[in-house]
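Worksheet for the structure shown next.
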DNA sequence: CACGTACCCGAAAAGGCTTTCTGAATCTAT
DNA sequence: ATAGATTCAGAAAGCCTTTTCGGGTACGTG
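Chains as they are written, first to last, in my numbering: chain H, 7 to 350; chain G, 7 to 350.
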């Protein structure tokens, strides 16, 4: 009873004609019966539906799409090798596209503009109804090279063209939240260790953090934000520097969870208790890193799934004719874990 | 000059008819010219190609698929929330499907059989030419619920039905390699800390390890393999237990990179030098964990991208009528890093 | 009894492309 | 010069579905 994939070609799939024949009606009637159109007697409709089921009829979406002028598919182009960002976005999008109505082509451009271009062409040829472009890093990226005749939504990384539709997470707000959380935990001497300084998002997070600090009447511990790279090693190194410069620090806001892991490591090594002596908060809420840390890492969640859902909604709206454009920032949220337990 | 997505519907895409008209030939001739068919004079062909370019013609894959009976698409159904496994597999598959010829629908079933079923139906309706099913864990999984009329290849997790086509990584071989590597590094007292004992793959890895140990005339340090969960916390705890039971251990083979991270942590805490006193090897070669570890973690790579490539090839073969079936194991490879430097 | 009105159903066109088959024109050979 | 062989272009069928529109039946009404 295994799948009976006939060699080369398989036995023709059952078509509406087959159903109509079995039900003893015309294909037009069969179509209307199956699609819930009105002009069919209840009894006839039942007969058709029964026939369709018996034959395991599944309408040919290609033919349908050809006729309708829209395929019911969208393309999702990513450059995110790890799938760290794309998969949640994809899942959110799948959610939003009420299951079954829309399917998603996932293409990985691997950061290569040529390959991206190529995928766009292929997808256009498949008549996707829209495109979601997920960038490799949160900074603005050049818009798609080709002029495409279908709606495009940029997710995670906005398009450089403000006339495009972009959905990103609010890095400023996220930075603010991180500090507000630390302040709420009673911290006063808060430092910030971030990553690659070429990332605009990193500076956004710092800006949010500074705003929140200012409002709390505090200054950045360590004198300034520490920029380096998005690695644990940098987190460790920067923490060591920081402890030397400002031994009284009682909280560290890390620019990513990877950095936060390094921070935790270095603090541990220096004999500082977390969160007793120093509280630590990360960014991204990458579960596998955050939950396995010791102690479990509080982190700012950038809500990728939601981002995907919103991107899909905006794409849908655009497909249906909405003409809204611009960059939309989605709020982050703090997921509190053991690394920032409030002081007693 | 932004994309000019007309509200609802956009201006009709250019069709072969347009090209034919501009070139002053019939659509039949235009088709033949563009597809490299023989019966067209060189000069006519050039004229058609020129017209197609001028009009930015891109053939409607829906129409083509409708006619050809195959859509040039495949479905990839996964349940791997993180995308940890699916994305590399997808990339491998994309590679194998010589770019442009085949596009991939990616669907996430989220471990839910109902949702999986649903996706299968949707994909069938879209007339995908084949299906790749990527499991959530490496153990055998039930075959697709529905009887599908197209070829299916199971990747990462094999189907329980030996009559299906499955591509998996060779866990026994991987376990063997891990130990062989440690032995090659001069280690004699090798322990094994693995994860969730309900994972058959974990036992496969142990089996391979035991084989290699036997051939080297060694026994497992710690008396037996330690099973627990796939977490850093377990890696730490098990290491502490191990050190108590068998303080002379000079190498630890961890069942996953996450566990290995915990192992490194605990060893560090216990004052053992890695790799000086104890060498550590992980499994999966999850870059973000392995390269950021201190020291960088040697790990057994399960070659997911290759797995995806092979899966795609097998699927292609099946689509073209090949009838081969059964489970195929792909070899792993050791990626040596700082945690296992040979003893001097 | 003739006619209007619902109510159902079916014929046919459309959507864009490929392919086969036919036909016309050019060329070769006798 | 004419029969036969090539070469190239076009007409048309077909893939599968949806939808419009016209026709048929049954029924109620004047």
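Just so it is clear, CB atoms sit at the ideal spot from N, CA and C, and this is done for glycine as well.
Original post:
Going along the segment 104-122 of chain G in order, which residues come within less than 8 Å of chain H, judged by CB to CB distance?
Top reply: 105, 106, 109, 110, 111, 112, 113, 114, 116 and 121
**OP:** May I ask you to report which of helix, strand or coil DSSP gives residue 224 of chain G?
**Re:** The count along the second chain starts at 1 and reaches residue 224 of chain G at position 218. Residue 224 of chain G: coil per DSSP, three-state reduction.
**OP:** Would you please verify whether the beta carbon of residue 175 of chain H is less than 7 Å from any beta carbon of chain G?
**Re:** Locating residue 175 of chain H in the first chain gives position 169, where the first residue counts as 1. No, residue 175 of chain H does not count as interfacial toward chain G.
**OP:** Check whether the Cβ of residue 93 of chain G lies closer than 7 Å to any Cβ atom in chain H.
**Re:** Working through the second chain from its first residue, we reach residue 93 of chain G at position 87. Yes, its Cβ sits closer than 7 Å to a Cβ of chain H.
Subject >> residue 145 of chain H in three-state terms, based on DSSP >> reply: For the purposes of this step, residue 145 of chain H is taken as residue 139 along the first chain, with counting starting at 1. It is coil, neither helix nor strand.
Original post:
If you draw a straight line from the alpha carbon of residue 337 of chain H to that of residue 333 of chain G, how long is it in whole angstroms?
Top reply: The sequence position of residue 337 of chain H within the first chain is 331, counting from 1. The sequence position of residue 333 of chain G within the second chain is 327, counting from 1. Taking the straight line from one Cα to the other gives about 46 Å.
Original post:
Is the Cβ-Cβ distance between residue 144 of chain H and residue 163 of chain H less than 7 Å?
Top reply: In the first chain, counting from the first residue as 1, residue 144 of chain H sits at position 138. In the first chain, counting from the first residue as 1, residue 163 of chain H sits at position 157. Against a cut-off of 7 Å, the Cβ pair of residue 163 of chain H and residue 144 of chain H comes out as a contact.
Original post:
In the segment 56-73 of chain G, which residues sit with their C-beta less than 7 Å from some C-beta in chain H, listed in chain order?
Top reply: 64, 65, 66, 67, 68, 69, 71 and 72
Original post:
From this set, G:51, G:28 and G:64, which residue's C-alpha is nearest residue 18 of chain G's C-alpha?
Top reply: Translated into the one-based positions of the second chain, residue 18 of chain G becomes position 12. Nearest C-alpha to residue 18 of chain G: G:64.
Original post:
Expressed to the nearest angstrom, what Euclidean distance is found between the alpha-carbon atoms of residue 212 of chain H and residue 228 of chain H?
Top reply: Along the first chain, read from residue 1 onward, the residue named residue 212 of chain H stands at position 206. Along the first chain, read from residue 1 onward, the residue named residue 228 of chain H stands at position 222. Those two C-alpha atoms are separated by around 14 Å.
**OP:** Determine the extent of the alpha helix (DSSP H) in which residue 192 of chain H is found, giving its start and end residues.
**Re:** To locate residue 192 of chain H, count along the first chain from 1; it is residue 186. Per DSSP, residue 192 of chain H belongs to no alpha helix (DSSP H) and is neither H nor E.
Subject >> Within 7 Å, strictly: CB atoms of residue 253 of chain G and residue 280 of chain G >> reply: Taking the first residue of the second chain as 1, we reach residue 253 of chain G at position 247. Taking the first residue of the second chain as 1, we reach residue 280 of chain G at position 274. No, these two residues do not count as a Cβ contact at 7 Å.
Original post:
For residue 130 of chain H and chain G, any beta-carbon pair shorter than 7 Å?
Top reply: As a working mapping, residue 130 of chain H is identified with position 124 in the first chain. Closer than 7 Å to some Cβ of chain G, the Cβ of residue 130 of chain H qualifies, so yes.
Subject >> Given 8 Å, three or more beta-carbon pairs between the segment 287-294 of chain G and the segment 181-188 of chain G >> reply: yes
**OP:** From the DSSP output, in three-state form, read off residue 151 of chain H for me.
**Re:** Within the first chain, numbered from 1, the residue matching residue 151 of chain H stands at position 145. Coil at residue 151 of chain H, not helix or strand.
**OP:** Please state whether DSSP places residue 214 of chain G in a helix, a strand or coil.
**Re:** Residue 214 of chain G sits at position 208 when you count from the first residue of the second chain. Helix, per DSSP.
**OP:** Evaluate the contact criterion for the segment 131-143 of chain G versus the segment 72-82 of chain G: three or more CB pairs, one atom per stretch, below 8 Å.
**Re:** yes
Original post:
Got a sec, what are the start and stop residues for the alpha helix (DSSP H) residue 267 of chain G sits in?
Top reply: The sequence position of residue 267 of chain G within the second chain is 261, counting from 1. Residues 263-275.
**OP:** Check the Cβ of residue 99 of chain H against every Cβ in chain G and list those closer than 7 Å, keeping chain order.
**Re:** Position 93 of the first chain holds residue 99 of chain H. Going along chain G, no residue has its Cβ under 7 Å from residue 99 of chain H, so there is no contact; the nearest lies around 10 Å.
Original post:
Does any CB atom of chain H fall closer than 7 Å to the CB of residue 237 of chain G?
Top reply: Position 231 of the second chain, counted from the first residue, corresponds to residue 237 of chain G. Yes - at least one Cβ of chain H is within 7 Å of the one on residue 237 of chain G.
Subject >> Run of the beta strand (DSSP E) containing residue 112 of chain G, from where it starts to where it stops >> reply: Reading the second chain from its first residue, position 106 is the one you call residue 112 of chain G. Element bounds for residue 112 of chain G: 109-114.
**OP:** Flag residue 89 of chain G as yes if its beta-carbon sits less than 7 Å from any beta-carbon of chain H, otherwise no.
**Re:** Counted from its first residue, the second chain places residue 89 of chain G at position 83. It does; some Cβ of chain H falls within 7 Å.
Original post:
For residue 13 of chain G, which of helix, strand or coil comes out of DSSP?
Top reply: As a position in the second chain, residue 13 of chain G is number 7, starting the count at 1. Reliability fails at residue 13 of chain G, whose pLDDT of 40 lies under 50, so the model's placement of it is uncertain and the value that follows must be treated cautiously. Residue 13 of chain G falls in the coil class under three-state DSSP.
Subject >> Where residue 359 of chain H meets chain G, residues with beta-carbon distance less than 7 Å >> reply: Chain H is shown from 7 up to 350; residue 359 of chain H falls before or after that span and cannot be answered.
**OP:** Taking residue 91 of chain H as the reference, give the member of H:313, H:271 and H:231 with the closest Cα.
**Re:** Counting from one through the first chain, the residue named residue 91 of chain H turns up at place 85. Nearest of H:313, H:271 and H:231 to residue 91 of chain H, Cα basis: H:313.
**OP:** Mind the definition here: the segment 109-123 of chain G touches the segment 109-125 of chain H only if three or more C-beta pairs lie below 8 Å; say whether that holds.
**Re:** yes
**OP:** State the DSSP-derived secondary structure class of residue 347 of chain H, mapped to helix, strand or coil.
**Re:** Residue 347 of chain H sits at position 341 when you count from the first residue of the first chain. Residue 347 of chain H falls in the coil class under three-state DSSP.
**OP:** Report the residues of the segment 136-168 of chain H with a CB closer than 8 Å to any CB of chain G, ordered along the chain.
**Re:** 149, 150, 153, 154, 155, 156, 157, 158 and 167
Original post:
From the beta carbon of residue 41 of chain G, is the nearest beta carbon of chain H less than 7 Å away?
Top reply: Mapped onto the second chain, residue 41 of chain G falls at position 35. It does not; no Cβ of chain H falls within 7 Å.
Subject >> Contact residues within the segment 260-279 of chain G, judged by C-beta distance below 9 Å to chain H >> reply: 264, 267, 268, 271, 274 and 275
Original post:
Rounded to a whole number of angstroms, what is the C-alpha to C-alpha distance between residue 98 of chain G and residue 207 of chain H?
Top reply: On the second chain, position 92 is the one that residue 98 of chain G refers to. On the first chain, position 201 is the one that residue 207 of chain H refers to. One C-alpha to the other measures close to 31 Å.
**OP:** With a threshold of 16 other CB atoms inside 10 Å of the CB of residue 83 of chain H, please say whether the residue is buried or exposed.
**Re:** Residue numbering aside, residue 83 of chain H sits at position 77 when the first chain is read from its first letter. When all chains shown are included, residue 83 of chain H counts as buried.
Original post:
Going along chain G, which residues have a C-beta under 7 Å from residue 127 of chain H?
Top reply: In the first chain, the residue the question calls residue 127 of chain H occupies position 121. Going along chain G in sequence order, the residues near residue 127 of chain H (Cβ under 7 Å) are 64.
**OP:** Using beta-carbon positions only, say whether residue 317 of chain G and residue 93 of chain G come within less than 7 Å of one another.
**Re:** As a first step, residue 317 of chain G must be located in the second chain, where it is residue number 311. As a first step, residue 93 of chain G must be located in the second chain, where it is residue number 87. No, the pair does not count as a contact, with Cβ atoms beyond the cut-off.
Original post:
Per DSSP, residue 288 of chain H forms a beta bridge with which residues?
Top reply: As a working note, residue 288 of chain H is residue 282 in the first chain. Residue 288 of chain H pairs with H:305.
**OP:** Spell out whether any CB of chain H is found under 7 Å from the CB atom of residue 309 of chain G.
**Re:** Working through the second chain from its first residue, we reach residue 309 of chain G at position 303. So no, residue 309 of chain G is outside the interface.
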